[in-house]
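Residue numbers (my numbering): 96 to 328. Quick notes on the structure that follows.
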């Protein structure tokens with residue numbers, strides 16, 4: 096196996112690894128600090144006042160909703176007090192949409208597992224075929240990092256120019272119905288997570304993702320340097 100082929104295999108494995116890191120970043124961003132993040136966002140967008148719900152009640156709904164998305168509960172039949180009235184929080188349209196969101200979350204988990212399996216397979220292949228496998232894998236990761244970083248910067252520039260437009264396109268790509276088109280006059284879901292919440296969450300995901308792959312890139316540079324020093328002895 097020639098040098099370029101080994102590098103290319105490491106590059107593909109690293110692309111797969113980075114996809115898994117991105118999907119993990121989504122999970123960390125959403126589930127990593129539920130009390131701190133969601134409470135801060137709800138206060139920032141005056142959700143408690145707009146919906147007329149107490150902090151304790153909305154955080155209860157939030158935890159139950161996230162448990163549902165994480166397959167820890169079977170339904171979204173959640174009762175709480177809104178506007179001084181005991182009621183079911185989600186209506187049928189919202190439940191149907193959240194079922195689609197749950198399927199999207201589950202697809203992400205499945206893709207992450209497959210990406211990690213592909214990463215392990217390609218890295219093992221490089222290890223078996225290359226005595227300087229640490230250097231080769233590190234170079235492959237740096238190449239993948241450069242490609243992904245350039246792609247991320249480009250997409251960020253495009254999306255930030257008109258977030259609403261590309262947020263709509265995202266829904267049109269990943270959902271095959273119009274259940275995501277909620278009415279703020281009737282549907283509470285769109286009131287507790289307004290567009291600004293999704294902007295902040297996208298930034299949060301991106302920050303976790305970029306920090307993680309940059310940290311691994313620094314480690315990759317160190318490993319390349321160590322390998323060169325070792326071979327020069």
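Ideal placement from N, C-alpha and C gives every residue a C-beta, glycine not left out.
#### Entry: Inter-stretch contact (C-beta, 8 Å, three-pair minimum) for the region 260 to 273 and the region 131 to 150
No: fewer than three Cβ pairs fall under 8 Å.
### Query
Rounded to whole angstroms, how far is the Cβ of residue 237 from the Cβ of residue 108, which I believe are closer than 8 Å?
The pair is not a contact, with the Cβ atoms about 13 Å apart (cut-off 8 Å).
### Buried or exposed (CB count within 10 angstroms, at least 16 for buried), residue 127
So residue 127 ends up on the exposed side.
### Query
Going by beta carbon distance, what residues of the same chain come within less than 6 Å of residue 323, once the five residues before and after it are set aside?
None.
### Task
Taking the CB atoms as reference points, tell me whether residue 304 and residue 111 lie closer together than 8 Å.
Going by C-beta atoms, residue 304 is not nearer than 8 Å to residue 111.
### Query
At what residues does the beta strand (DSSP E) containing residue 174 begin and finish?
174 to 177 is the extent of the beta strand (DSSP E) around residue 174.
### Query
Closest by CA to residue 103, which one among 225, 310, 159?
If we check each option's Cα against that of residue 103, 225 comes out closest.
### Query
With which residues is residue 183 paired in a DSSP beta bridge?
Per DSSP, 174.
### Query
Within 10 angstroms of its Cβ, does residue 174 collect 16 or more other Cβ (buried), or is it exposed?
Residue 174 comes out exposed.
#### Entry: residue 310, buried or exposed, once every other Cβ within 10 Å from all chains shown has been counted against 16
So residue 310 counts as exposed.
#### Entry: Where residue 128 falls: helix, strand or coil (DSSP)
Looking at residue 128 - three-state DSSP - the assignment turns out to be coil, as it is neither helix nor strand.
### Query
Which residue from 297, 171, 220 puts its Cα closest to that of residue 158?
Comparing Cα-Cα distances from residue 158 to each of 297, 171, 220, the minimum goes to 171.
### Query
So, helix, strand or coil for residue 274, using DSSP?
The answer is coil: DSSP assigns residue 274 none of H, G, I, E or B.
### Query
Rounded to whole angstroms, how far is the Cβ of residue 146 from the Cβ of residue 278, which I believe are closer than 8 Å?
By a beta-carbon distance limit of 8 Å, residue 146 does not contact residue 278. Their separation comes to about 14 Å.
### Query
Closest by CA to residue 410, which one among 251, 162, 258, 207?
Within the shown structure, residues of the chain are numbered from 96 to 328, placing residue 410 beyond reach of any answer.
### Task
Measure the beta-carbon distance from residue 164 to residue 204 and round it to whole angstroms, keeping in mind my assumption that it falls under 8 Å.
By a beta-carbon distance limit of 8 Å, residue 164 does not contact residue 204. Their separation comes to about 11 Å.
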